[in-house]
Amino acid sequence: MDRYDLALIGFGGVNRALAELIDERGAALTSELGFELRVVAITDLRLGSLMQADGIDLSAVLALEPGANFAPFAGGDPEPRNEYVIRNTTADIVVEATFTNPVDGEPAISHVRWALESGKHVTTTNKGPVALAGAELRALAADHGVRFEHEGAVLSGTPILRLAERMFSGLRIRGVQGILNGTSNYVLGRMEAGLSLPDAVAEAQELGYAEADPTADLEGSDVQLKVVILANEVLGADLTTADVSRRGLSTVSAAEIAEAQRQGRRWKLIGDAHRNDDGSVTASVAPVALPLDHPLAGVSGATNAVAFDTDLLGTVAVSGPGAGRVETAYALLSDVIAIHAGRGALIGAATDV
Ligand SMILES: NC(=O)c1ccc[n+]([C@@H]2O[C@H](COP(=O)([O-])OP(=O)(O)OC[C@H]3O[C@@H](n4cnc5c(N)ncnc54)[C@H](O)[C@@H]3O)[C@@H](O)[C@H]2O)c1
Ligand SMILES: N[C@@H](CCO)C(=O)O
384 MDRYDLALIG FGGVNRALAE LIDERGAALT SELGFELRVV AITDLRLGSL MQADGIDLSA
444 VLALEPGANF APFAGGDPEP RNEYVIRNTT ADIVVEATFT NPVDGEPAIS HVRWALESGK
504 HVTTTNKGPV ALAGAELRAL AADHGVRFEH EGAVLSGTPI LRLAERMFSG LRIRGVQGIL
564 NGTSNYVLGR MEAGLSLPDA VAEAQELGYA EADPTADLEG SDVQLKVVIL ANEVLGADLT
624 TADVSRRGLS TVSAAEIAEA QRQGRRWKLI GDAHRNDDGS VTASVAPVAL PLDHPLAGVS
684 GATNAVAFDT DLLGTVAVSG PGAGRVETAY ALLSDVIAIH AGRGALIGAA TDV
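This note's numbering puts the first residue of the sequence shown at 384, with every later residue one more than the last.
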């Protein structure tokens with residue numbers, strides 16, 4: 384029976400949800416998926432670090448009181464010690480789910496680099512490494528015979544990256560456009576219901592949708608990262624965030640939201656990347672007042688949706704959760720499944736002799 388030992392870097396909403404999934408459904412997952420999952424290391428800014436090669440008691444760490452840390456545990460330390468843990472853990476897969484830094488992607492890029500350099504697979508939901516160092520990290524993974532998986536970086540657990548990569552072969556994709564941020568879409572809907580912006584944002588934070596700094600959600604830098612990922616991984620471009628124009632929700636007033644409703648329109652924060660006739664790719668993030676009959680106008684809450692413009696199929700639209708702790712934890716699990724599916728050619732899968 385195959386087994387994958389995981390090191391969780393960052394123990395917030397998403398990685399806690401993954402730990403809960405393993406703790407509560409581990410046996411069922413093993414019989415359904417054909418491999419066992421264990422967590423052998425955890426680091427977090429607030430909790431410090433914990434390394435236990437025989438497997439961490441997840442119920443115990445999930446039950447920690449607010450303000451407690453890993454120091455009392457065998458193999459525990461009050462400091463995160465990320466580099467030491469990543470380079471020395473017995474884990475097969477490092478799960479990077481720390482804050483997305485839209486400016487330079489650090490320290491997550493370093494976390495991923497250290498993991499790949501030490502021969503460990505990586506799965507991440509952190510947009511920074513994928514958008515700002517994706518090509519370098521994919522090459523580093525290949526050099527070390529391991530995988531760099533990141534389905535959850537765009538549309539959370541809704542598998543649009545794998546869909547485009549595996550199911551669109553033979554198609555020429557001319558563009559991709561969509562609602563790519565759950566928090567802002569949730570907030571717009573709640574403001575249409577009459578809530579103030581601060582109250583709507585507070586709800587999104589409580590629900591675990593928002594970035595550590597929700598400005599990233601509202602002002603479009605989160606979508607900008609995702610547009611870069613889609614442009615580079617789906618359209619084959621080589622964009623950076625500097626290539627993507629960005630306008631956020633602060634350019635739309637509550638009065639304009641109400642006026643749009645009266646006119647039968649809905650404001651949506653839209654990310655777009657499309658190929659021009661000369662082969663170049665243009666990309667943008669901007670609020671748009673869509674007519675109610677537009678396919679994206681009806682997308683509500685933290686749901687996201689992406690429309691792929693293809694040559695042979697016309698428009699192919701995919702909709703699903705764009706945020707959520709459990710939904711995003713599933714993206715991480717889907718990455719482990721992908722690693723397992725490709726294990727024949729890879730190092731890193733622990734198997735019984
Ligand atoms: N929540 C979602 O719906 C969702 C969906 C898709 C992607 N993501 C991305 O996944 C990542 C995690 O999201 P989350 O909702 O769990 O965030 P979160 O803020 O709940 O948790 C992040 C955790 O990382 C820890 N952390 C931050 N910097 C660290 C460091 N240098 N070393 C160790 N720990 C560190 C924090 O203490 C925190 O506990 C983010 O990059 C986010 O953008 C989140
Ligand atoms: N804060 C992000 C999480 C998913 O990337 C959002 O709301 O879409």
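Think of the CB as a built atom: it goes at the ideal place given N, C-alpha and C, for glycine as much as any other residue.
- The C-alpha of Ala688 lies about 15 Å from the C-alpha of Gly572.
- Put simply, the backbone Cα of Ala480 is about 7 Å away from that of Val397.
- Taking a contact to require three or more Cβ pairs closer than 8 Å, the stretch 640 to 649 and the stretch 562 to 581 qualify as touching.
- Looking at the DSSP output, Asn687 shares a beta bridge with Gly703.
- Selection Ser501, Ala690, Thr566, Val699 evaluated against Ala585 yields Thr566 as nearest (Cα-Cα).
- By the beta-carbon neighbour count (other beta carbons within 10 angstroms, threshold 16), Asn659 is exposed.
- Ala547 and Val617 have their alpha carbons spaced roughly 7 Å apart.
- Counting only runs of at least 4 residues, the stretch 415 to 483 fully encloses the following alpha helix (DSSP H) elements, listed from N- to C-terminal order: 441 to 445, 465 to 471.
- Under the three-state reduction of DSSP, Pro581 is assigned to helix.
- With a cutoff of 7 Å, Glu594 counts as near ligand 2, since its C-beta is closer than that to a heavy atom of the ligand.
- Of the heavy atoms belonging to ligand 1, none sits nearer than 7 Å to the Cβ of Ser633.
- Assignment of beta-bridge partners to Ala666 by DSSP yields Val627, Ala656.
- Scanning Asn568, Val611, Asn615 for the CA closest to the CA of Pro597 turns up Asn568.
- Within 7 Å of the C-beta of Asp406 there is not a single heavy atom belonging to ligand 2.
- The C-beta of Glu407 has fewer than 16 other C-beta atoms within 10 Å across all chains shown, which makes the residue exposed.
- Within the model, the alpha-carbon separation for Phe482 versus Gly431 is close to 16 Å.
- For the pair Ala690 and Gln560, the CB atoms are nearer than the 8 Å cut-off.
- In summary, Gln607 is buried, with 16 or more beta-carbon neighbours lying within 10 Å of its beta-carbon over all protein chains present.
- The beta-carbon distance between Gly540 and Ala714, rounded to whole angstroms, is 4 Å. This is short enough to meet the 8 Å contact definition.
- Annotation: the continuous beta strand (DSSP E) that includes Asp385 extends over 385 to 392.
- Pairing Trp650 with Ala672 gives a Cβ-Cβ distance under 8 Å.
- In the three-state reduction of the DSSP assignment, Asp676 falls in the coil class.
- Using a Cβ-Cβ distance cut-off of 8 Å, the stretch 622 to 634 and the stretch 691 to 711 are not in contact, since fewer than three pairs of beta carbons, one from each stretch, lie closer than that value.
- Distance from the CA atom of Pro455 to the CA atom of Asp427, rounded to whole angstroms, is 15 Å.
- In this structure, the CA atom of Val537 is about 17 Å from the CA atom of Ser683.
- If you check the CB distance, Leu515 and Gly488 come in under 8 Å.
- Contact between Leu404 and Leu716 holds: CB atoms are separated by about 7 Å, below the 8 Å threshold.
- Each of Arg496, Trp497, Leu601, Pro512 was checked against the Cα of Val486, and the nearest Cα belongs to Pro512.
- Residue ranges of uninterrupted alpha helix (DSSP H) with 4 or more members, entirely inside the stretch 545 to 616 and ordered along the chain, are 565 to 575, 580 to 589, 598 to 601.
- For His504, the enclosing beta strand (DSSP E) stretches over residues 504 to 507.
- Cα atoms of Ile476 and Gln646: separation of roughly 51 Å, rounded to the nearest angstrom.
- In the DSSP assignment, Arg530 falls outside any alpha helix (DSSP H) and carries neither an H nor an E.
- In this structure, DSSP gives Gly697 an extended state, which the three-state scheme calls strand.
- Assignment of Asp718 by DSSP, reduced to helix, strand and coil, places it in the helix class.
- Under the three-state reduction of DSSP output, Asp406 falls in the helix class.
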